[in-house]
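*Asks:* First residue of the sequence shown: 1, per the working numbering; consecutive thereafter.
Where is the CB? At the ideal position from N, CA and C, for every residue including glycine.
Quick caveat, the model's predicted, so the values are computed rather than measured.
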Amino acid sequence: MHSPTHSTIVTGLHQRDPQIIGWLYTTYAPRLIGYFSRRLRDPDLARDLYHELFLRLLERAPTFTDRGVPIEAWLFRLVHDLVVDTHRRAGRSVPLTEAAHPAADDDVIITCLHAADQVALHQAITTLPLTYRRVLTLRFRDHCSLADTALQLGRSLSATKALQRRAIARLRAILSPPMA
1 MHSPTHSTIV
11 TGLHQRDPQI
21 IGWLYTTYAP
31 RLIGYFSRRL
41 RDPDLARDLY
51 HELFLRLLER
61 APTFTDRGVP
71 IEAWLFRLVH
81 DLVVDTHRRA
91 GRSVPLTEAA
101 HPAADDDVII
111 TCLHAADQVA
121 LHQAITTLPL
131 TYRRVLTLRF
141 RDHCSLADTA
151 LQLGRSLSAT
161 KALQRRAIAR
171 LRAILSPPMA
């Protein structure tokens, strides 16, 4: 099936069209399963939750309200809700902000920003404003494309680029030793 238009997807969701649901299922599988895997650190659970996601999608599809945002944003909202529900059911006390925006302290960011110390990087990132942490997390930890990051942040591509540049500049300023 070719890529359906937004209105075709919305109509298909309302009608629970198997072709549209199947297209969504196969098209978004790698990214959504990856998102689950990174948040939960359990690939088997990630695949199980991906299937549960589509059960929720089928339940909620007829009442889906088109607000003009891409369907992807709705899918990621459902994924986030499932991650939070899973943490709650597991009895783990994970603050919602941590579940939504985990600390971005992996090797990719260290390499990209030339940080010498993971602890310093983690501490520096926690001092950043939430929007800066989110853009850095999506781009460097979750390996989202600029377009996907813009979509998840609800910003234009150019605004997301600018936000990323400001976030990196702020992080560099925090990590740079003061000039004597």
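Please classify Q164: is it buried, with 16 or more other beta-carbons within 10 angstroms of its beta-carbon, or exposed?
*Replies:* buried
*Asks:* H205 and A61: beta carbons closer than 8 Å?
*Replies:* Beyond the ends of the chain as shown, which are 1 and 180, falls residue 205; an answer cannot be given.
*Asks:* On a Cα-Cα basis, can you pick out the residue from L153, K161, V135 that is closest to V69?
*Replies:* For the residues L153, K161, V135, the minimum Cα distance to V69 belongs to L153.
*Asks:* Throw me the rounded Cβ distance for the Y50 and F36 pair, which I believe falls under 8 Å.
*Replies:* Confirmed, about 6 Å.
*Asks:* Between the C-alpha atoms of A46 and A147, what's the straight-line distance to the nearest angstrom?
*Replies:* 24 Å
*Asks:* So which of P4, V135, R141, H143 has the shortest CA-CA distance to A162?
*Replies:* V135
*Asks:* DSSP on F76, reduced to helix/strand/coil?
*Replies:* Reduced to three states, the DSSP call for F76 is helix.
*Asks:* Is R40 near V83, with beta carbons less than 8 Å apart?
*Replies:* The question names Arg, but residue 40 is Leu in the sequence shown. Contact check for L40 against V83 passes: the beta carbons are separated by less than 8 Å.
*Asks:* Rounded to whole angstroms, what is the Cα-Cα separation between I21 and L130?
*Replies:* 34 Å
*Asks:* In its own chain, which residues sit with a C-beta less than 7 Å from the C-beta of A124, not counting the 5 before and 5 after it?
*Replies:* L171, I174, L175
*Asks:* Cα separation between P18 and G12?
*Replies:* 8 Å
*Asks:* Let me check understanding here. Comparing Cα to Cα, which of E52, T65, R67 lies closest to A29?
*Replies:* It is E52.
*Asks:* Can the beta-carbon of E72 be found less than 8 Å from the beta-carbon of L157?
*Replies:* Contact: no.
*Asks:* Can you give the Cα-Cα distance for Y132 and T149, rounded to whole angstroms?
*Replies:* 12 Å
*Asks:* What residue range does the alpha helix (DSSP H) around F36 cover?
*Replies:* 18-40
*Asks:* Using 10 angstroms around the beta-carbon of T63, count the other beta-carbons present and answer buried if the total reaches 16, otherwise exposed.
*Replies:* exposed
*Asks:* Using CA coordinates, which residue listed in I168, A169, C144, S7 is at the minimum distance from R67?
*Replies:* S7
*Asks:* Nearest by alpha-carbon distance to V79: which of D44, T65, G34 is it?
*Replies:* G34
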